[in-house]
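Worksheet for the structure shown next.
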Amino acid sequence: MLDRAEATPSGQSGKESISYVDNLLSLTAPFIREAPSEHIMHCRMLAASHLLARLISQEIESQEDEFISSRLEDLQERLHSLERIELTNPSVEAGLARIYEGLMELANTLGLTTFEHYSLRGKG
């Protein structure tokens, strides 16, 4: 996924170029959806969520937005809690999807991406 984000052409014929972060974030949902098995999908969702949380935390370090900071902290705590649950537990997939989608909403709010088709629920 990281290589694909770097290889993705930026911008279109003279339009403002799309940033690496925007490319990367727009590739996370397809990366998760295209997983060959449920186990790999869970692993990809965890990895994408951690990547999103890291990118968002770097972005908000210089800001003093209490709502965004508190929302990010809540999503990170939920992500760490879900990591302790066995992947075969059916509630894990729904919880991970909600966390991933919440992180993508924060990324959109912060202007890190304009990608809007990140919902993982109802994909089947």
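Just so you know, our numbering puts the end of the sequence shown at 302, numbered straight through with nothing missing.
Each residue gets a CB set at the ideal place from its N, CA and C atoms; glycine is no exception.
Local conformation of residue i per DSSP, three classes
| i | result |
| --- | --- |
| Phe293 | coil |
| Gln236 | helix |
| Leu205 | helix |
| Glu264 | coil |
| Ser197 | coil |
| Ser215 | coil |
| Leu224 | helix |
| Leu152 | The displayed coordinates of the chain run from 179 to 302. Any statement about residue 152 would go beyond what the structure contains. |
Residue i, enclosing alpha helix (DSSP H) - first and last residue
| i | result |
| --- | --- |
| Arg256 | 244-261 |
| Ser269 | 268-287 |
> Counting pairs of Cβ atoms below 8 Å between the stretch 241-250 and the stretch 263-275, do you hit three or more?
Replying inline: Proximity of the stretch 241-250 to the stretch 263-275 falls short of the contact definition, fewer than three beta-carbon pairs being nearer than 8 Å.
> If we count Cβ pairs, one from each stretch, closer than 8 Å, do we get three or more for the stretch 242-259 versus the stretch 215-223?
Replying inline: At 8 Å Cβ cutoff, the stretches do not touch.
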